[in-house]
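Presented below is the structure to which this report refers.
Number of protein chains: 2
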Amino acid sequence: MTRLVLHNFFRSSTSVRVRAALNLKGLEYDYVAYALRSGAHHGAQHTALNPQGLVPTLVTEHGPLPQSLAIIEWLDEEYPAPPLLPADAWGRARVRSLAHIMALDVHPVNNLRVLQYLEREFGADAAAQAKWFRTWAEPAMQAMETRLAADRETGSFCHGDTPGLADLCLYAQVLNNTRFGIGTDDTPVIGRIFDACMAVPAFERAIPANQPDAV
Amino acid sequence: MTRLVLHNFFRSSTSVRVRAALNLKGLEYDYVAYALRSGAHHGAQHTALNPQGLVPTLVTEHGPLPQSLAIIEWLDEEYPAPPLLPADAWGRARVRSLAHIMALDVHPVNNLRVLQYLEREFGADAAAQAKWFRTWAEPAMQAMETRLAADRETGSFCHGDTPGLADLCLYAQVLNNTRFGIGTDDTPVIGRIFDACMAVPAFERAIPANQPDAV
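Those sequence lines, one after another, are chains A and B.
When you read off a place in the first sequence, starting at 1, and then add 219, the result is the number in my numbering.
When you read off a place in the second sequence, starting at 1, and then add 219, the result is the number in my numbering.
Set out below in structure tokens:
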């Protein structure tokens with residue numbers, strides 16, 4: 220089997236998700252880092268693999284695969300144990316629906332390239348950027364909390380008592396939120412699930428501070 | 220079987236995707252409309268189903284399911300014919316990866332609530348909003364074009380000769396792009412795939428202009 224290669228960046232939330240998924244599956248991979256603030260991910264080395272230039276891109280024996288959620292779904296199909304999605308269709312729907320709150324409604328609007336644009340084009344200072352971030356993150360975290368607290372499927376993790384796709388997206392976003400002063404005091408279910416994630420070595424090894432390019 | 224109910228809005232791109240998926244599967248559904256500019260989707264009727272308040276939410280016999288991509292993946296698992304994802308894992312990875320360019324990197328940062336915030340908080344006028352929209356949409360469409368043009372799996376649709384998840388996300392975004400003056404002259408593969416989609420009645424019936432709440 221060709222060794223997997225992950226093109227990524229230590230602080231990128233989408234990279235965090237994928238690293239934790241690789242770790243949960245027990246897969247070793249080579250780590251190629253791009254310093255996003257320097258624009259290195261838009262250089263020829265990476266755009267040859269992913270014309271978008273965005274990280275992460277996972278290089279597999281079949282070729283390069285961009286997009287974090289597509290990578291995680293593929294990993295789960297290619298390496299089924301331990302599963303990252305439930306065995307039943309409605310369970311999978313629930314997990315994807317929870318994961319996508321984080322992955323579609325919070326992260327894309329709050330990532331580095333967007334914050335940089337706000338600063339460059341609208342003169343948004345740190346306070347204005349933080350307000351922007353919280354505008355999208357806080358209601359989404361509250362909605363996530365409401366669903367997790369209401370659903371009987373919620374266990375020690377988002378769906379039952381083993382970590383999966385929703386936990387990967389949730390813990391990466393909680394890590395990111397701390398940079399903008401959003402904690403989990405008002406979202407206790409999210410708080411305890413985040414703690415449960417961080418107690419899993421696969422998750423803890425994937426956090427930004429534990430990567431070779433961390434500064 | 221309980222009849223499916225789609226809570227949505229005619230112009231919402233995420234609603235367009237789901238309507239076309241329902242049509243492709245030959246599923247009938249009840250249509251509940253929310254006028255997004257009035258904030259109706261954040262009222263009690265809808266937040267009881269989806270605490271986020273965002274459309275679309277599909278109500279099924281199992282309960283309500285928010286998040287357009289989770290809905291489409293569930294429809295494809297629950298109603299397998301015709302399939303919206305390829306039979307092989309790497310094919311599914313490719314289709315999800317293409318779909319997510321549209322669904323994660325273009326739409327979330329360009330939807331109504333974001334444009335309204337830019338206007339309210341930063342005084343962004345129509346020109347500044349259009350510049351913002353194009354900043355995220357145009358490079359993503361170009362990257363999509365590059366991948367579609369390079370991959371041998373591309374057929375009359377994004378993956379082979381039958382429409383699927385990537386086509387659903389692509390055609391909804393192309394429709395949205397036209398509102399900001401982005402056509403397909405510079406992306407001929409996308410242009411011909413969009414035309415192929417619009418020639419399919421399931422896609423054509425799902426466009427904003429053909430909905431009961433269209434104005």
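Backbone N, C-alpha and C fix where the C-beta goes; we use that ideal spot for every residue, glycine too.
None of the values given here were measured: they were computed from a predicted structure.
Asked	Found
Once you ignore the five residues that flank Ser-316(A) on each side, which residues in its own chain have a CB closer than 6 Å to its CB?	none
Since Tyr-248(A) sits in a beta bridge, which residues does DSSP pair it with?	Leu-223(A)
Would you say Thr-365(B) reaches chain A, if we count a Cβ-Cβ gap shorter than 8 Å as a contact?	yes
Using a Cβ cut-off of 7 Å, pull out every chain A residue sitting near Ser-316(B), in sequence order please.	Leu-284, Pro-285, Gln-286 and Ala-289
Any idea what DSSP makes of Val-434(B), helix, strand or coil?	coil
For Arg-332(A), which option in Gln-271(A), Gln-361(A) and Ala-359(A) has the closest C-alpha, if you only look at C-alpha atoms?	Gln-271(A)
Spell out whether any CB of chain A is found under 8 Å from the CB atom of Pro-270(B).	yes
Could you please give the first and the last residue of the uninterrupted alpha helix (DSSP H) stretch that includes Pro-420(B)?	420-423
Using a Cβ-Cβ distance cut-off of 8 Å, determine whether Tyr-336(A) contacts chain B.	yes
Kindly indicate the opening and closing residues of the alpha helix (DSSP H) around Pro-283(B).	Per DSSP, Pro-283(B) belongs to no alpha helix (DSSP H); it is in the beta strand (DSSP E), 282-285.
Are Val-274(B) and His-261(B) touching if we call contact CB-CB under 8 Å?	no
Could you give the C-beta distance for Leu-384(A) and Ile-291(A), rounded to a whole number, given that I count them as a contact under 8 Å?	6 Å
For Thr-233(B), report the span of its alpha helix (DSSP H) as first-last.	232-243
What number of angstroms, rounded off, separates the C-alpha of Arg-398(B) from the C-alpha of Ser-287(B)?	21 Å
Quick one: is Pro-436(B) buried, meaning 16 or more other Cβ sit within 10 Å of its Cβ, or exposed?	This structure cannot settle anything about residue 436(B), because the visible part of chain B is limited to 220 through 434.
Measure the Cβ-Cβ separation of Thr-406(B) and Glu-364(B) and say whether it is below 8 Å.	yes
Closer than 8 Å by beta-carbon distance: list the chain A residues that pair up with Phe-229(B), in chain order.	None at all; the shortest Cβ gap to chain A is about 20 Å.
Going by alpha carbons, who is nearest to Trp-309(A) out of Ala-312(B), Pro-302(B) and Pro-283(B)?	Pro-283(B)
Report the neighbours of Leu-273(B) on chain A: residues whose CB is nearer than 8 Å to its CB, in chain order.	Asp-324
Could you work out which residue in Pro-420(B), His-226(B), Ala-369(B) and Glu-340(B) is closest to Asn-269(B) when comparing CA atoms only?	His-226(B)
What are the start and end residues of the alpha helix (DSSP H) that includes Leu-387(B)?	384-397
Counting only beta-carbon atoms, is Val-393(A) nearer than 8 Å to chain C?	This model lacks chain C altogether, as its protein chains are A and B.
From Leu-241(B) to Cys-388(B), what distance separates their C-alpha atoms?	14 Å
Closer than 8 Å, CB to CB, is His-319(B) near chain A or not?	yes
For Val-278(A), write down the residues that DSSP places opposite it in a beta bridge.	Val-224(A) and Pro-283(A)
What does the Cβ neighbour count give for Arg-256(A), buried or exposed, with the cut at 16 atoms within 10 Å?	exposed
Can you tell me where the alpha helix (DSSP H) holding Gly-410(B) begins and where it ends?	407-417
Hey, does Pro-299(B) have any beta-carbon neighbour from chain A nearer than 8 Å?	no
Comparing alpha-carbon positions, which option in Ala-425(B), Asp-404(B) and Leu-243(B) lies nearest Ser-234(B)?	Ala-425(B)
In the DSSP output, what is Gly-379(B) paired with across the bridge?	Thr-373(B)
Taking 6 Å as the limit between beta carbons, can you name the residues of its chain near Val-408(B), skipping five residues before and five after?	Glu-364, Leu-367 and Ala-368
Using the beta-carbon of each residue, which ones in chain B are nearer than 8 Å to Glu-292(A)?	Arg-311, Ala-312 and Arg-315
Please check if any C-beta of chain A sits within less than 8 Å of the C-beta of Pro-407(B).	no
Look at the alpha carbon of Thr-279(A) and the alpha carbon of Tyr-248(A), and state the distance between them as a whole number of angstroms.	10 Å
Provide the residue span of the alpha helix (DSSP H) that contains Val-314(A), from first to last.	308-324
Measure how close the beta-carbons of Leu-323(B) and Pro-327(A) come, nearest whole angstrom, since I'm counting them as under 8 Å.	5 Å
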